[in-house]
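Structure record follows, encoded as structure tokens.
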Amino acid sequence: EELTASGEVLKFDGFLKVYREDKDDDEMEEEANEGMLPPLAVDQQLPLKEMKATERFSRPPPRYTEASLVKKLEELGIGRPSTYAPTISTILKRGYVEKRDKEGVIRYYSVFILKGDEISKKLDSETTGAEKSKLFPSDLGLVVTDFLKQYFDNIMDYSFTARIEEEFDEVAEGKMKWSNVIEEFYTPFKKDVDETIETAERIKGERVLGVDPESGKPVVARMGRYGAMIQIGVADDEEKPRFAKVPTGQSIETITYEEAMNLFGAQGVMGQYEEKDVSVNVGRFGPYVKWGEEFISLPKGTDLSTVNLEKAIEAIQQKQVADAPVGTYDNKPITKGKGRFGPYIKWDGMFVNVPRRYNFDTLIQDEMNELLDAKVKKEANRYIQRWPDEKISVENARWGPVVKFGKKIVKLNFKPDGTKYTAEEAATIPLEDIKAMIAAQVPNAFGKKKAAPRKKAVPGLKKPAAKKKATGKKKEK
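This is the structure we're talking about:
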């Protein structure tokens with residue numbers, strides 16, 4: 026084998042002779058390693074002092090920042106200065122990418138050293154994969170991209186987008202008609218959209234990780250309605266599948282079987298508290314303790330493997346203290362709490378948001394009475410007709426009566442003479458007619474069930490007469 030080295034040979038010191046006298050031996054050695062070679066003659070035999078062979082790993086391209094992404098778009102001819110910022114803010118807002126940091130991991134590599142007749146080996150380390158304020162594709166972004174590449178491959182082609190940009194420039198310059206550009210694009214695009222709607226299946230980005238050793242059911246990572254999740258079992262099983270949310274920093278593509286199973290490690294029943302089963306899990310809004318049929322939220326980012334029965338019971342007890350009655354209204358208890366939408370009071374199954382003008386921590390009975398008076402009055406005027414068992418109601422709305430079916434709002438049909446129903450007239454519409462309106466607007470609203478027998482409507486709540494406002498404890502006579 027021929028070994029080569031490139032560098033410089035110093036033939037005349039010049040001013041360097043004086044300059045080098047100010048340097049110590051370490052600096053001189055460092056300079057020599059930077060490409061300075063000793064004086065050599067042609068065909069001179071060189072003794073081998075030491076040879077090193079260092080293991081190296083290929084590095085992936087760095088993640089994009091906003092600036093490097095704009096530079097790449099410019100290179101591809103995609104977008105214009107006025108569209109770069111809105112494009113990046115849109116993909117961030119829609120959750121297709123996430124801007125975050127990533128900690129590096131320590132990676133070990135081998136170094137082989139030949140010295141004399143002996144070869145030695147040592148391990149060295151380096152930090153790799155660290156990223157700061159970079160754009161990472163989310164699971165949603167990956168699934169959406171796969172779907173678009175499968176069904177709209179031509180639209181996803183960089184050259185197609187760049188060509189359209191150039192044509193728009195020509196439209197702005199008056200060289201092309203905008204209608205021709207739009208027609209050329211829209212006609213085939215509309216055809217692709219119609220075919221996709223007709224034939225495409227819902228993509229879940231599913232990745233099979235393995236099999237649950239306890240149940241023998243498949244373990245998959247996939248996209249759900251509320252984000253990336255791990256699922257044990259399938260929907261068709263008799264037993265309901267188990268779910269866990271994919272932790273922040275992980276994705277469907279990167280999570281391993283072991284990491285996925287760890288999410289369910291503490292999910293089984295850990296024990297009992299007050300004769301109710303206690304378990305923990307991760308749901309749509311983060312980790313929680315399940316106690317009987319109650320759910321108690323845990324702090325965001327809690328590692329379930331650190332939550333034992335003692336900590337779970339502590340969370341339950343804190344919830345019990347928080348849910349203790351703080352007053353009464355019409356002889357029924359009032360409790361306080363904080364939810365997704367802020368602080369609230371709860372009375373008789375009714376939740377009432379507490380506005381900022383009230384001090385939630387020092388809320389007094391009169392203030393709770395005031396809030397509940399307003400809520401009860403509002404609810405009294407809400408319903409025109411109601412069928413609780415059917416989850417159907419006719420309610421007052423801003424622009425007139427509407428039908429509510431579960432959580433869906435359904436328009437109330439016009440009367441035969443083409444005019445709208447008043448609240449009084451809506452109170453006389455039979456359930457069968459209301460169901461017909463729902464069936465016409467909500468596909469498969471009632472499936473293939475037989476028509477339900479006519480039920481008597483539950484009249485809307487009447488405005489309550491003067492209500493008793495209890496202020497604490499009932500007086501004993």
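Residue numbers (the numbering used here): 26 to 502. Yeah, the Cβ is synthetic: ideal placement off N, Cα and C, and Gly gets one too.
Legend entry - Residues near residue 133 by beta carbon distance below 6 Å, same chain, minus five either side: Cβ within range, chain order: 148, 150.
Inset, instruction - Following the continuous beta strand (DSSP E) through residue 512, name the residue where it begins and the one where it ends. - result: The shown model of the chain, from 26 to 502, leaves out residue 512, and the question about it has no answer.
Inset, instruction - Please name the residue, chosen from 424, 93, 144, 377, that lies closest to residue 392 on a Cα-to-Cα basis. - result: 377
Inset, instruction - Taking all protein chains shown into account, decide if residue 68 is buried (16 or more other Cβ within 10 angstroms of its Cβ) or exposed. - result: exposed
Legend entry - Continuous alpha helix (DSSP H) stretch holding residue 300: start and end: Looking at the DSSP string, residue 300 is not in any alpha helix (DSSP H), and its letter there is neither H nor E.
Inset, instruction - Verify whether the separation of the beta carbon atoms of residue 161 and residue 130 is less than 8 Å. - result: Contact check for residue 161 against residue 130 fails: the beta carbons are separated by 8 Å or more.
Inset, instruction - Taking only the alpha-carbon atoms, compute the straight-line gap between residue 114 and residue 80 and give it to the nearest angstrom. - result: The straight-line gap from Cα to Cα measures roughly 41 Å.
Inset, instruction - Could you give the DSSP three-state label for residue 320: helix, strand or coil? - result: DSSP places residue 320 in strand when its eight states are reduced to three.
Legend entry - Buried versus exposed call for residue 424 [16 or more other C-beta atoms within 10 Å across all chains shown]: exposed
Inset, instruction - Throw me the rounded Cβ distance for the residue 257 and residue 244 pair, which I believe falls under 8 Å. - result: 5 Å
Legend entry - Per-residue DSSP class, three states only, for residue 393: helix
Inset, instruction - Drop a sphere of 10 angstroms on the beta-carbon of residue 356, count the other beta-carbons inside from all chains shown, and report buried for 16 or more, exposed for fewer. - result: exposed
Inset, instruction - Starting from the Cα of residue 381, find the closest Cα among 398, 363, 374 and give me that residue. - result: 363
Inset, instruction - Would you identify the three-state DSSP class for residue 256, choosing helix, strand or coil? - result: strand
Legend entry - Backbone CA spacing between residue 379 and residue 88 [nearest angstrom]: 44 Å
Legend entry - Contact under 8 Å by Cβ, residue 407 with residue 415: No, the pair does not count as a contact, with Cβ atoms beyond the cut-off.
Inset, instruction - With DSSP as the reference, label residue 78 as helix, strand or coil. - result: strand
Legend entry - Backbone CA spacing between residue 358 and residue 400 [nearest angstrom]: 16 Å
Legend entry - Proximity of residue 351 and residue 360 at Cβ, strictly below 8 Å: yes
Legend entry - Boundaries of the beta strand (DSSP E) in which residue 145 is found, first to last residue: 143-153
Inset, instruction - Report the option in 102, 101, 95 whose CA atom is closest to the CA atom of residue 109. - result: When only C-alpha atoms are compared, the closest one is 95.
Legend entry - Stretch pair the segment 232-252 + the segment 179-195: three plus CB contacts closer than 8 Å: no
Legend entry - Start-end ranges of the beta strand (DSSP E) lying completely within the segment 329-387, minimum 3 residues: 352-354, 357-364, 367-372, 375-378
Legend entry - Minimum C-alpha distance to residue 417 - residue among 398, 437, 83, 403: 437
Inset, instruction - Could you work out which residue in 199, 306, 470 is closest to residue 433 when comparing CA atoms only? - result: 470
Legend entry - 7 Å CB neighbourhood of residue 397 in its chain, flanking five on each side removed: 354, 372, 377
Inset, instruction - Give the DSSP-derived three-state secondary structure of residue 83 in the structure shown. - result: Residue 83: coil per DSSP, three-state reduction.
Inset, instruction - State yes or no: is the C-beta of residue 155 within less than 8 Å of the C-beta of residue 127? - result: yes
Inset, instruction - State the start and end residues of the unbroken beta strand (DSSP E) segment that holds residue 209. - result: From DSSP, residue 209 is part of no beta strand (DSSP E) but of the alpha helix (DSSP H) over 203-224.
Legend entry - Proximity winner among 107, 213, 77, 166, relative to residue 138 (alpha-carbon distances): 77
Legend entry - CB contact flag (residue 61, residue 39, <8 Å): no
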